Amino acid sequence: MFNSLPEVSCAAELYFNNRFPGYRLKQYRTEESGRFCFILEPSELGVICPKCQQYCLRFKDTRTLTVLDYDNGAGGPCVVLIPRRRLRCRCKCTATEPMPSWILPKHRITVRLAAFAQHLLNLRVSISDVAALTGIDWDLLKEIDKSALELRFKNKDLGRVKRLAIDEISIHKKHQFATVFMDLENREILEVIKGKSIENIRPFFERLKADNFAENIQSVSVDMNAAYPKVIKEYLGNAKLAYDLFHVMQHFTTDVLKEAKKHSIAQARQTDRELKPRDKTIEAKQELSIAVSTVKNAEWLVVTDPSLLTPEKVEKLQRLRAVNRLFSDLYPLAAKLRLIWRSLSQEVARNELQETIELCEVIALEHDFKPIQKFAGMLKRRAEGIVNACRVGLGTNILEGANNTAKVIKRLAYGFKDFEYFKYTSFGQSSWNTPSIFIEAT
Ligand SMILES: [Zn+2]
16 MFNSLPEVSC AAELYFNNRF PGYRLKQYRT EESGRFCFIL EPSELGVICP
66 KCQQYCLRFK DTRTLTVLDY DNGAGGPCVV LIPRRRLRCR CKCTATEPMP
116 SWILPKHRIT VRLAAFAQHL LNLRVSISDV AALTGIDWDL LKEIDKSALE
166 LRFKNKDLGR VKRLAIDEIS IHKKHQFATV FMDLENREIL EVIKGKSIEN
216 IRPFFERLKA DNFAENIQSV SVDMNAAYPK VIKEYLGNAK LAYDLFHVMQ
266 HFTTDVLKEA KKHSIAQARQ TDRELKPRDK TIEAKQELSI AVSTVKNAEW
316 LVVTDPSLLT PEKVEKLQRL RAVNRLFSDL YPLAAKLRLI WRSLSQEVAR
366 NELQETIELC EVIALEHDFK PIQKFAGMLK RRAEGIVNAC RVGLGTNILE
416 GANNTAKVIK RLAYGFKDFE YFKYTSFGQS SWNTPSIFIE AT
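Here my numbering is used: position 359 in the sequence shown is 374, and no number is missing along the way.
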């Protein structure tokens, strides 16, 4: 159904002239879907020929371009039909008249609609929701979001960074990694780089050096496994290397406790195999099943701060320690590790560390359990960085924030195929960032 506008009011005319410069509203109609459709006509009879620069009034033909727009008065998403005239100029030019500036170049949406979509995306409304609301194609929305994020986050100012944290995260299943750089004091993600090798991360340090910010860095918190110490020494002469408790606990869990679980189960099975058939009593069978069942979630029970355990879990832990001698001996290590980072002075931290290493070595001998010896070796090699962690004196909440941020980014990574887009999204979406970043208008 068409509605022509013979007596369009002055206000409406003004509104549409401002809305679609160079055009005026000829007709409007409501589509079957309920969507409004505005049909425009050129407000000028002719156009300047792009070739001869003369005012040209002769046209070969006219085509119609359909463009998506958004208008609150029209109930949201709407369609605009724009005539596109092809010249037949005296100079033989047959170019199509220039595209109006209010249409997003190379796309069939208005700049206004793109800005509205971008605003929603900045509020972290999901692309799918914005697509449903505006009718814009998913891929285009992704490009809009990506370029806005890129504009905002490209070349972050590194001038105020004093305490740096570097973390490597696995981003896809097939051993793909990314390295995350964070400013601990300002709680901000500075950079996310694909890969984790020295060559991958060198450009970040080169940038710090080129901008003369390298000497501002006072401390760098890193994961113990990584190959960073060399590159940090090379670029950040003033920085103290520090290993945080979270990462050490992580290693303790994976490299020691999980291995201890396997070790315990293997040992119980071995004992069971060695029994002569006549000794295979019901009690002996029960012993094997108890040995296997008590180590369930053992690593979690051991590393969790005892004050956070429910009475039921405390009971499980007690049972584990009563049944399993290896776990019983490993148990105090978790508390000892926490003590190192809670030390009030480096002197105390150094002593605590020394005692912990000695305890590890005793357990290794006693149980003929290699993983704990390896762990002790790592503590020894990284002693300086561990003791430094006390001098760096960052609150646990800050490091925990950094650690959680890395986790958020890791989870986020699974949904992205485009690394650059993932990187900029992680800058904007981290729970660690100050909220002002989300509502900044563009
Ligand atoms: Zn011409």
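For glycine and all other residues, C-beta sits at the position ideal for the given N, C-alpha and C.
Since this is a predicted model, take the numbers as computed values, not measurements.
Can you say whether residue i is buried or exposed, counting buried as having 16 or more other CB atoms within 10 angstroms of its CB?
i: Cys106; result: exposed
i: Trp356; result: buried
i: Leu156; result: buried
i: Val140; result: exposed
i: Pro292; result: exposed
i: Asp198; result: buried
i: Ala349; result: buried
i: Gly252; result: exposed
i: Tyr243; result: buried
i: Thr194; result: buried
i: Glu28; result: exposed
i: Asn137; result: buried
i: Ala225; result: exposed
i: Pro120; result: exposed
i: Leu205; result: buried
i: Leu166; result: exposed
i: His187; result: exposed
i: Ala428; result: buried
i: Leu5; result: Residue 5 lies beyond the stretch modelled for the chain, which goes from 16 to 457, so this question has no answer here.
i: His190; result: exposed
i: Lys211; result: buried
i: Thr109; result: exposed
Beta-carbon within less than 6 Å of residue i's beta-carbon, same chain only, minus the 5 sequence neighbours each way: which residues are those?
i: Arg100; result: Phe74, Thr77 and Glu112
i: Pro115; result: Gly37
i: Ser185; result: Phe192
i: Ala364; result: Ile355, Ser358, Val402 and Cys405
i: Glu376; result: Ala391
i: Lys438; result: Val207
i: Cys104; result: Cys64 and Cys71
i: Ala229; result: Leu223, Tyr250 and Leu251
Considering only their Cβ atoms, is the gap separating residue j from residue i smaller than 7 Å?
i: Ala299; j: Phe342; result: no
i: Phe192; j: Glu183; result: yes
i: Asp160; j: Leu128; result: no
i: Val62; j: Thr81; result: no
i: Asp346; j: Arg336; result: Strictly speaking, residue 346 in this sequence is Tyr, with Asp absent from that position. Yes.
i: Phe31; j: Leu40; result: yes
i: Gln233; j: Lys177; result: yes
i: Asn418; j: Phe261; result: yes
i: Leu135; j: Val145; result: yes
i: Met239; j: Val318; result: no
i: Leu102; j: Cys64; result: yes
i: Lys209; j: Phe431; result: no
i: Ile151; j: Ala132; result: yes
i: Thr149; j: Pro92; result: yes
i: Asp344; j: Ile378; result: yes
Whole-angstrom Cβ separation of residue i and residue j, contact assumed at under 8 Å?
i: Ala404; j: Tyr258; result: 6 Å
i: Lys179; j: Phe442; result: Note that residue 179 is Leu in the sequence shown, not Lys. So it is not a contact: roughly 16 Å between Cβ atoms.
i: Arg334; j: Thr309; result: 6 Å
i: Arg123; j: Leu173; result: Not a contact, Cβ separation roughly 40 Å.
i: Ala254; j: Val237; result: That belief does not hold up - the Cβ atoms of Ala254 and Val237 are roughly 10 Å apart, past 8 Å.
i: Arg202; j: Gly416; result: 6 Å
So, at 8 Å on beta carbons, what are the nonlocal neighbours of residue i in its own chain, with the 5 sequence-adjacent residues on each side left out?
i: Leu60; result: Leu72
i: Leu316; result: Leu324, Lys328, Lys331, Leu332 and Leu335
i: Ala283; result: Glu302, Leu303, Ala306 and Val307
i: Glu46; result: Cys52 and Val94
i: Asn339; result: Ser279, Ala306, Thr309, Val310 and Ala313
i: Thr79; result: Leu96, Ile97, Pro98 and Arg99
i: Gln69; result: Ile63, Cys104, Arg105 and Cys106
Against chain C, does residue i count as a neighbour if the rule is that its beta carbon must be under 7 Å from one of theirs?
i: Asp154; result: The chain labelled as chain C is not found in the depicted structure, where only one protein chain is given.
Ordered along the chain, which non-local residues of its own chain (more than five positions away) have a Cβ less than 7 Å from that of residue i?
i: Tyr436; result: Lys157 and Lys161
i: Ala398; result: Leu368
i: Ile54; result: Lys41, Gln42, Tyr43 and Leu96
i: Ser451; result: Annotation note: pLDDT 29 at Ser451 (below 50); position unreliable, coordinate value reported separately. Correct list: empty, nothing qualifies.
i: Thr268; result: Glu314 and Val318
Can you tell me whether residue i sits near ligand 2, meaning its C-beta is under 6 Å from at least one heavy atom of the ligand?
i: Cys67; result: By its list of ligands, the structure shown excludes ligand 2, since it contains just ligand 1.
**Q.** Inter-stretch contact (C-beta, 8 Å, three-pair minimum) for the stretch 270-288 and the stretch 420-435
**A.** The count of Cβ pairs closer than 8 Å, one atom from the stretch 270-288 and one from the stretch 420-435, stays below three, leaving the stretches out of contact.
Q: Count the C-beta pairs between the stretch 365-372 and the stretch 386-396 that are closer than 8 Å, then say yes if the count reaches three, no if not.
A: Cβ pair count under 8 Å is three or more, so yes.
Q. Would you say the stretch 262-274 touches the stretch 210-219, given that touching needs at least three Cβ pairs under 8 Å?
A. No: fewer than three Cβ pairs fall under 8 Å.
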